[in-house]
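From first to last, the protein sequence lines are chains L and F. Quick note, the working numbering runs 22 ahead of the 1-based positions in the first sequence. Quick note, the working numbering runs 22 ahead of the 1-based positions in the second sequence.
Protein chains: 2
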Amino acid sequence: MGSVEKKIATIMRERGYKLTPQRLAVLNVVVDSEDHLTPAAIYDKVRHKHGAVGLVTIYRTLNMLDDLGLICQVHGHGDNRSYLIRRPLEHHHHLVCSECGKVVDFTGCNLCELERRLSEETGFEIDSHILEFAGHCRNCRNKAVKQDVQMLHAVPE
Amino acid sequence: MGSVEKKIATIMRERGYKLTPQRLAVLNVVVDSEDHLTPAAIYDKVRHKHGAVGLVTIYRTLNMLDDLGLICQVHGHGDNRSYLIRRPLEHHHHLVCSECGKVVDFTGCNLCELERRLSEETGFEIDSHILEFAGHCRNCRNKAVKQDVQMLHAVPE
DNA sequence: GTATAAATGAAAAACGTTTTCATTTATACT
DNA sequence: AGTATAAATGAAAACGTTTTTCATTTATAC
Chain L
23 MGSVEKKIAT IMRERGYKLT PQRLAVLNVV VDSEDHLTPA AIYDKVRHKH
73 GAVGLVTIYR TLNMLDDLGL ICQVHGHGDN RSYLIRRPLE HHHHLVCSEC
123 GKVVDFTGCN LCELERRLSE ETGFEIDSHI LEFAGHCRNC RNKAVKQDVQ
173 MLHAVPE
Chain F
23 MGSVEKKIAT IMRERGYKLT PQRLAVLNVV VDSEDHLTPA AIYDKVRHKH
73 GAVGLVTIYR TLNMLDDLGL ICQVHGHGDN RSYLIRRPLE HHHHLVCSEC
123 GKVVDFTGCN LCELERRLSE ETGFEIDSHI LEFAGHCRNC RNKAVKQDVQ
173 MLHAVPE
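(1) Compute the beta-carbon to beta-carbon distance between V68(L) and V51(L), rounded to the nearest angstrom, for a pair I have assumed lies under 8 Å.
(2) Kindly give me the distance between the Cβ atoms of I152(L) and H97(L), rounded to whole angstroms, as I take these residues to be in contact under 8 Å.
(3) Given this structure, state the Cα-to-Cα distance separating F128(L) from V171(F), to the nearest angstrom.
(4) Looking only at C-alpha atoms, which of V78(L), S150(L) and H113(L) sits nearest to L92(L)?
(5) Please name the residue, chosen from A156(L), V126(L), P43(L) and Y39(L), that lies closest to M23(L) on a Cα-to-Cα basis.
(6) Near L77(L), which residues of its chain fall below 7 Å by C-beta distance, leaving aside the five closest residues on each side in sequence?
(7) In chain order, what residues of the same chain have a beta carbon less than 8 Å from the beta carbon of T83(L), not counting five sequence neighbours either side?
(8) On the DSSP letters alone, give me the boundaries of the alpha helix (DSSP H) that I30(L) sits inside.
(9) Counting contacts by CB-CB distance shorter than 8 Å, is E154(L) in contact with chain F?
(10) Please state whether the Cβ-Cβ distance between L136(L) and C131(F) is less than 8 Å.
(11) Please tell me whether V126(L) and L133(L) are closer than 8 Å, where the distance is taken between their beta carbons.
(12) Buried or exposed, going by whether 16 or more other CB atoms sit within 10 Å of the CB of Q95(L)?
(13) Just list the residues that DSSP pairs C180(L) with in beta bridges.
(14) Please state the DSSP three-state secondary structure of V75(F).
(15) Which residue from H70(L), V53(L) and D89(L) puts its Cα closest to that of M34(L)?
(16) Return the chain-ordered list of same chain residues with a C-beta closer than 8 Å to the C-beta of Y81(F), the five sequence neighbours on each side being excluded.
(17) Quick one: which chain L residues come within Cβ less than 8 Å of E137(F)?
(18) With 9 Å as the C-beta to C-beta threshold (strictly closer), list the residues of the segment 138–151 of chain L near chain F in chain order.
(19) Would you kindly report the start and end of the unbroken alpha helix (DSSP H) that includes D54(L)?
(20) If contacts are defined as beta-carbon pairs under 8 Å, then G145(F) and R160(L) qualify, I think. What distance do you get, rounded to the angstrom?
(21) Note down the Cα distance separating G38(L) from E142(L), rounded to an integer number of angstroms.
(22) Under three-state DSSP, which class holds E112(F)?
(23) Who are the Cβ neighbours of L87(L) in its own chain at under 6 Å, not counting the five residues just before and after it?
(24) Taking all protein chains shown into account, do 16 or more other C-beta atoms lie within 10 angstroms of the C-beta of V167(F), making it buried, or fewer, making it exposed?
Now the structure itself:
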C-alpha cells in the first residue's frame, strides 16, 4: 500500500468508515491512475485488478471519498456527464480537451480578490468554486492541421 | 413579443431554424423568467402559459438555443443535475446558494491572464471556461442564525 | 469469540435525457 | 393561394447513470 493510500486509510478509519477490501480496491485504482476516471471505468479497473465488486459499491465508495473531500470532479466534459476523479492533495483545477477528453491539472487560480468582491456585493458567504477551462490540446490541434493539409491535396470531384 | 425575443427569432431564422409555436413558447418562458430554470420547470411553465408541448420538444429547443449560444448552464448545483438556463447577452458567471439554490449572475471574471499562462504552459488552445462560486446567501445565513438562537433557548432534556 | 452496526451485492426503481418513427407543419417556390 | 419538401413534433420506447431496497455478509470493538 502506497503512502497516499495509507494516509487516506487513516482518514477513513478516523472518520468511522470501515476498511473493507472493496473500498481498498477502489482506493488503490483511483490513487494509481494518472487519468481522471468515470465510475464505470473505475468499476472495470477494479474488477480486472482485484476481482468482483458491485458497481453500487463503486458509487458508494466514491461518495464516501467525496464526503472526505479526497476526490474531485470534472464538470464541463462534453454533455456534463459526471466525469471525474483523482488527486487527494492540494487545491487545483482542470483544463479539459473538448476533443480527446484529456485533462490537465493546474494550480494557482487566484480568485481570492474576486471572491472578496462578490462576497461584499452580494452578502454571500462563499465556500467553494468551480473553475475549468476547455480547449484543444496540442495533440488534437496537430491532428487537425494534418487533416487540413490532406484535404488540400485531395483530388477534387 | 419582447425585443429580446424578436432578436432571437431573427437569429433562429437566419440560422435556418423554423419558427414554430412550440419554440416560441419555450423562448417566451425562458426569456421571461428571472430565475434559472430546469428543463422540467420550463416544461411546466410552457404548459401552463401556452398549452400542451412535449417534453422532448423542450429538450430539443434548449439544445437549439445552446447551439446558438443563447443560454447557459449552472454546473455545481447540488449533485450536478443539469441545472441551467437564461440570459442571452454578455459573458457572465454564477454564484449559487447551496442551501436554497438561488443564483446570482456576475460579470468581470478577469481570467485572461491565467488563460494566457495556461495556454503557454500546456500548448492548449483555450476556447471557454466554467467559473462558478458556491456559498450561502444572506437569507439562508440569517435563517441559520435564527435557528441557532432558538436552539440556545430550547429546554434541555 | 461474540455482538453490533455498517457495508455489500443483486435486483429493481428512479431519473433525466435521447432515439425512433409515423404524423404534422413552416417555409420556399410556383 | 397551392403545393412540395425538408424540418419539427409527440408518443412510446430505449438509454445510461445513479439510487433505493432488502436480505446477507463482515469489520470492528468489546
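We put the CB at the ideal spot given by N, CA and C, even for glycine. All values reported here derive from a predicted model rather than from experimental measurement.
Taking the definition as stated:
(1) Here residue 68(L) is taken as the residue at index 46 of the first sequence, counted from 1. Here residue 51(L) is taken as the residue at index 29 of the first sequence, counted from 1. That belief holds up - the Cβ atoms of V68(L) and V51(L) are roughly 5 Å apart, short of 8 Å.
(2) Counted from its first residue, the first sequence places residue 152(L) at position 130. Counted from its first residue, the first sequence places residue 97(L) at position 75. Indeed they touch by this definition, with Cβ atoms about 6 Å apart.
(3) In the first sequence, the residue the question calls residue 128(L) occupies position 106. In the second sequence, the residue the question calls residue 171(F) occupies position 149. Answer to the nearest angstrom: the Cα atoms are 42 Å apart.
(4) Stepping through the first sequence from its first residue, residue 92(L) is reached at position 70. For L92(L), the nearest C-alpha among the options comes from H113(L).
(5) The count along the first sequence starts at 1 and reaches residue 23(L) at position 1. Closest option to M23(L), Cα to Cα, is P43(L).
(6) Numbered from its first residue, the first sequence carries residue 77(L) at position 55. Counting only Cβ-Cβ distances below 7 Å, and skipping sequence neighbours, we find Y65.
(7) To locate residue 83(L), count along the first sequence from 1; it is residue 61. Result list for T83(L): Q44, R45, V48 and L49, in chain order.
(8) Residue mapping note: residue 30(L) aligns to position 8 of the first sequence, counting from 1. Its alpha helix (DSSP H) spans residues S25 to E36.
(9) Numbered from 1 along the first sequence, position 132 holds the residue referred to as residue 154(L). Cβ-Cβ to chain F under 8 Å: yes for E154(L).
(10) In the first sequence, counting from the first residue as 1, residue 136(L) sits at position 114. In the second sequence, counting from the first residue as 1, residue 131(F) sits at position 109. Yes, these two residues count as a Cβ contact at 8 Å.
(11) Taking the first sequence and counting its residues from 1, one reaches residue 126(L) at position 104. Taking the first sequence and counting its residues from 1, one reaches residue 133(L) at position 111. No, these two residues do not count as a Cβ contact at 8 Å.
(12) Position 73 of the first sequence, counted from the first residue, corresponds to residue 95(L). With 16 or more Cβ atoms within 10 Å of its Cβ, Q95(L) is classed as buried.
(13) With chain L running from 23 to 179 in the structure shown, residue 180(L) is simply not present.
(14) Locating residue 75(F) in the second sequence gives position 53, counting from the first residue. DSSP places V75(F) in coil when its eight states are reduced to three.
(15) As a working mapping, residue 34(L) is identified with position 12 in the first sequence. Checked all of H70(L), V53(L) and D89(L); the closest Cα to M34(L) is D89(L).
(16) Residue 81(F) sits at position 59 when you count from the first residue of the second sequence. Within the same chain, Y81(F) has close Cβ partners P61.
(17) Here residue 137(F) refers to the residue found at position 115 when the second sequence is read from its first residue. Near E137(F) (Cβ distances below 8 Å), the residues of chain L are F155.
(18) R139, L140, S141, E143, T144, G145, F146, E147, I148, D149, S150 and H151
(19) Counted from its first residue, the first sequence places residue 54(L) at position 32. Element bounds for D54(L): P43 to D54.
(20) Looking up residue 145(F) in the second sequence gives position 123. Looking up residue 160(L) in the first sequence gives position 138. Confirmed, Cβ separation roughly 4 Å.
(21) In the first sequence, counting from the first residue as 1, residue 38(L) sits at position 16. In the first sequence, counting from the first residue as 1, residue 142(L) sits at position 120. Roughly 38 Å between the two C-alpha positions.
(22) For the purposes of this step, residue 112(F) is identified with residue 90 of the second sequence, where counting begins at 1. Coil.
(23) Here the question's residue 87(L) lines up with position 65 in the first sequence. Same-chain partners within the cutoff: I93.
(24) Here the question's residue 167(F) lines up with position 145 in the second sequence. Its Cβ having fewer than 16 others within 10 Å, V167(F) is exposed.
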